[in-house]
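Data first, discussion second: the structure below is written as structure tokens.
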Amino acid sequence: MDLSVRIGSLTLKNPVVAASGCFGYGVEYADVVDLSSLGAIVSKGLFLAPREGHPAPRIVETPAGMINAIGLQGIGARRFVDEKLPELRARGATVIVNVCGTTLDEYVDVSRVVSDADGVAAIELNISCPNIKEGGIQFGCSLSGTFDVVSAVRKATRLPVIPKLTPNVTDVASFARAAEDAGADAVSLVNTFLAMAIDVETRRPKISNVVGGLSGPAIRPIAVRMVWECRQTVKIPIFGMGGIADARDALEFLIAGADAVQIGTANFVDPFVWPKVIDGIRAYMDRHAIARVADLVGSMDAREHAADPT
Amino acid sequence: MPIDVPARVLANRRLSDDYNVLALDAPAIAAATEPGQFVMLKPRAGCDPLLRRPFSVFEVLRDDRGAAAAITILSKRVGPSTQAIFDALPGRRVDCLGPLGRPFTPVNPPSEAWMIAGGVGLAPFATLAQALRARGASTTLFYGARRAAELFYLDFFRALGVDLVLTTEDGSAGERGRIVAPLERRLAERSASAPVMLYACGPEPMLDAVARTAARHSRPCQISVERIMGCGLGGCYSCVVPMRGDDGAVHNVRSCIAGPVLVADRVVWE
């Protein structure tokens with residue numbers, strides 16, 4: 344049984360990946376998860392300089408989901424390379440670094456820093472964080488901005504480049520197309536949905552940033568639809584994500600057209616979710632006599648529902 | 327290394343209309359827990375509420391041979407998760423991840439230990455009191471609540487030989503007012519050469535006040551904070567507390583892994 348996934352020049356051992364911002368720098372989970380058992384882990388978003396992020400409260404729960412506005416707190420790309428990467432390498436993790444920038448030049452500079460480091464497998468370009476004004480969303484919400492930042496980073500690194508797309512646009516597939524045209528090796532989708540929640544007793548917003556990004560099972564059907572739309576539009580691989588909590592959820596994304604999936608919020612609820620999802624995919628493939636996980640990708644049977652013969 | 331078990335509810339003791347003590351069958355967690363550590367509980371399966379909630383380990387229950395057998399948590403009903411904990415019937419399963427976080431550092435004699443608890447902030451002090459008394463440290467519990475009926479487990483602490491200083495907001499037991507007032511007086515009376523370690527847990531305004539009082543009297547103070555927490559393992563960066571670092575700058579520190587027990591004079595209260 345072949346669970347491997349090809350993303351440009353990179354081969355992942357399986358399609359189950361830890362999503363950025365939901366797995367710390369990976370080292371936090373080294374005691375509870377065999378990091379080498381995951382397809383990859385995506386680091387927290389990294390700028391050149393450290394950032395402290397937003398004040399608390401930074402999260403609030405909503406029905407079947409949560410809204411977060413962490414504000415991309417992070418240690419910066421160089422400290423990540425110096426302090427976190429060696430342990431990740433020693434533990435056999437496949438590391439994708441989530442690269443942030445406030446300017447096009449910063450995306451390029453951060454990409455160079457991580458490209459020069461030993462043990463980075465790919466770059467995920469964060470052009471979709473909804474929570475900070477200068478967090479790249481200005482690139483991710485414009486087709487030309489998406490094209491420009493992907494092109495610039497594409498020229499600066501040999502690593503696979505994977506822009507992470509925002510769902511907070513009318514037509515996410517056109518952004519996937521812009522990324523593909525600019526030389527992206529794959530796309531990740533979706534980042535969180537811009538959202539807010541208010542305490543009606545105090546009339547105060549429930550998180551300090553007022554607005555934040557909605558994640559969790561609540562967004563899953565919308566994310567599946569967006570992955571499916573992008574699969575119709577681009578040929579490059581897709582990392583699908585949005586509310587995946589078990590193997591069936593992951594399979595739904597694969598069948599919709601994702602080549603691999605990322606899990607975020609579910610890891611907060613159950614940090615032992617990883618082997619359950621990987622084993623569940625394997626059991627499904629066994630049950631359905633599917634030899635290669637790649638054969639599942641985009642395999643939705645979209646024929647019109649036949650009339651019930653009875 | 328934390329473990330996750332579907333812990334069976336052994337008992338649910340209602341202490342008042344809002345407070346209860348839930349006993350969970352989690353021997354491996356019980357055996358590994360140090361005073362001040364916490365567990366992440368998911369009292370209801372499914373998506374609403376979605377996330378786990380952090381609770382200090384209140385007691386470590388032992389079997390006839392003295393082996394750790396179960397933990398209890400002290401909960402105050404404020405939202406859907408604590409409602410589920412209030413309603414949990416024996417035999418139900420509650421996903422329980424732990425033990426997590428950095429514990430208190432108990433002092434040894436001749437240092438005295440003064441524990442300051444506000445309301446449900448009593449939770450980490452049962453196990454800490456046991457550890458302190460096992461070391462022979464003279465231990466005092468300053469314990470404030472809204473009213474007499476919300477001062478719990480007093481006999482438990484008395485049986486350990488812990489001195490009690492009580493306050494209630496309505497004056498129905500102990501001194502009327504907030505717990506920081508008697509703490510301030512006792513510290514003022516105390517010779518500066520007699521070492522005292524302060525430990526505090528409770529609402530943030532109380533922790534702020536205790537931290538200021540400790541600083542004014544040049545006493546070391548360990549506080550246990552409770553922030554809105556997403557994962558308990560350092561993954562989500564939700565539960566941060568602003569703290570002054572060795573570089574003099576203020577950094578947002580994850581209270582789940584750097585805490586929940588923090589050095590009080592480093593915390594920068596908003």
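Residue numbers (my numbering), protein chains in the order written: chain L, 344 to 653; chain Z, 327 to 596.
Glycine residues also receive a C-beta, built at the ideal position from the N, C-alpha and C atoms.
Keep in mind the model is a prediction, meaning the values are calculated, not measured.
Take the Cβ of L:Ile541 as the centre, count every other Cβ of all protein chains shown within 10 Å, and call the residue buried at 16 or more, exposed below.
exposed
Run down chain L in chain order and give the residues with a C-beta less than 8 Å from the C-beta of Z:Arg378.
Phe611, Val612
Would you kindly report the start and end of the unbroken alpha helix (DSSP H) that includes L:Tyr450?
447 to 459
Please confirm whether Z:Tyr563 has its beta-carbon closer than 9 Å to some beta-carbon of chain L.
yes
Complete runs of the beta strand (DSSP E) confined to the stretch 536 to 619 of chain L [at least 3 residues]:
536 to 539, 554 to 558, 581 to 584, 603 to 606
Which two residues bound the contiguous alpha helix (DSSP H) that contains L:Gln481?
480 to 483
For L:Ile621, three-class secondary structure by DSSP
helix
Determine, using beta carbons only, whether Z:Cys527 and Z:Ala443 come nearer to each other than 9 Å.
yes
Kindly say whether Z:Cys557, judged by its beta-carbon, lies nearer than 9 Å to any beta-carbon of chain L.
yes
Determine the chain L residues that contact Z:Asp330 at a beta-carbon separation under 7 Å, and present them in chain order.
Phe615
What runs of the alpha helix (DSSP H), each 4 residues or longer, lie entirely inside the stretch 478 to 533 of chain Z?
480 to 485, 506 to 515
Go ahead and pull the three-state DSSP assignment for L:Val438.
strand
CB L:Ala603 to CB L:Gly382, shorter than 9 Å?
yes
Determine which residues of the stretch 380 to 406 of chain Z have a Cβ less than 8 Å from any Cβ of chain L, and write them out in chain order.
none
Find the residues of chain Z that neighbour L:Cys365, judging by a C-beta separation of less than 7 Å, and give them in chain order.
Gly561, Cys562
CB of Z:Leu524 within 9 Å of CB of Z:Pro546, strictly
yes
Please list, in chain order, all residues of the same chain as L:Glu502 whose beta carbon is under 6 Å from its beta carbon, the five residues on each side excluded.
Inspection of the sequence shows that residue 502 of chain L is occupied by Leu rather than by Glu. Excluding positions up to five away in sequence, the list reads Ser458, Ala465, Ile466.
Is L:Thr500 helix, strand or coil by DSSP?
coil
Partners in chain L for Z:Met441, counting only beta-carbon separations shorter than 8 Å:
What Z:Met441 touches in chain L: nothing, since even the nearest Cβ is about 25 Å away.
Report the rounded CA-to-CA distance for Z:Ser401 versus Z:Phe483, giving the unit in angstroms.
18 Å
Through-space distance from Z:Asn434 to Z:Gly462, alpha-carbon basis
7 Å
Mind reading off the beta-carbon distance from L:Ile550 to L:Gly586? Whole number of angstroms is fine, and I expect it under 8 Å.
L:Ile550 to L:Gly586, Cβ: 19 Å. No contact.
What are the residues that DSSP puts in a beta bridge with Z:Met366?
Z:Pro380, Z:Leu423
At a Cβ cut of 8 Å, what residues of the stretch 362 to 376 of chain Z count as close to chain L, listed as they run along the chain?
Lys368, Cys373, Asp374, Pro375, Leu376
Start-to-end residues for the beta strand (DSSP E) that takes in Z:Ala395:
394 to 402
Any beta carbon from chain L within less than 9 Å of Z:Val587's own beta carbon?
no
Quick one: list the residues of chain Z neighbouring L:Glu371, beta-carbon separation under 8 Å, in chain order.
Leu559, Gly560, Gly561, Ile583
How many Å lie between Z:Ala455 and Z:Gly487 at the Cα?
9 Å
Give me, in chain order, the residues of the same chain whose beta-carbon lies closer than 7 Å to that of Z:Val589; leave out the 5 immediate sequence neighbours on both sides.
Gln548
Just checking my contact of L:Arg401 with L:Ile413 at CB under 8 Å: how many whole Å lie between their CB atoms?
5 Å
Delimiting residues of the alpha helix (DSSP H) encompassing L:Phe518
515 to 524
Considering Cα atoms alone, identify which of L:His397, L:Ile480, L:Gln575 is closest to L:Phe517.
Per the sequence presented here, residue 517 of chain L reads as Ser, with Phe not at that position. Of the candidates L:His397, L:Ile480, L:Gln575, the one whose C-alpha sits nearest the C-alpha of L:Ser517 is L:Gln575.
In angstroms, rounded to a whole number, what distance separates the CA positions of L:Thr513 and L:Ala373?
39 Å
Cross-chain neighbours of Z:Met327 in chain L, by beta carbon under 8 Å
Asp374, Val375
L:Ser531 by DSSP, collapsed to three states: which one?
strand
Can you give me the Cβ contacts of L:Ser352 inside the same chain, cut-off strictly under 7 Å, excluding the 5 residues immediately before and after it?
Pro503
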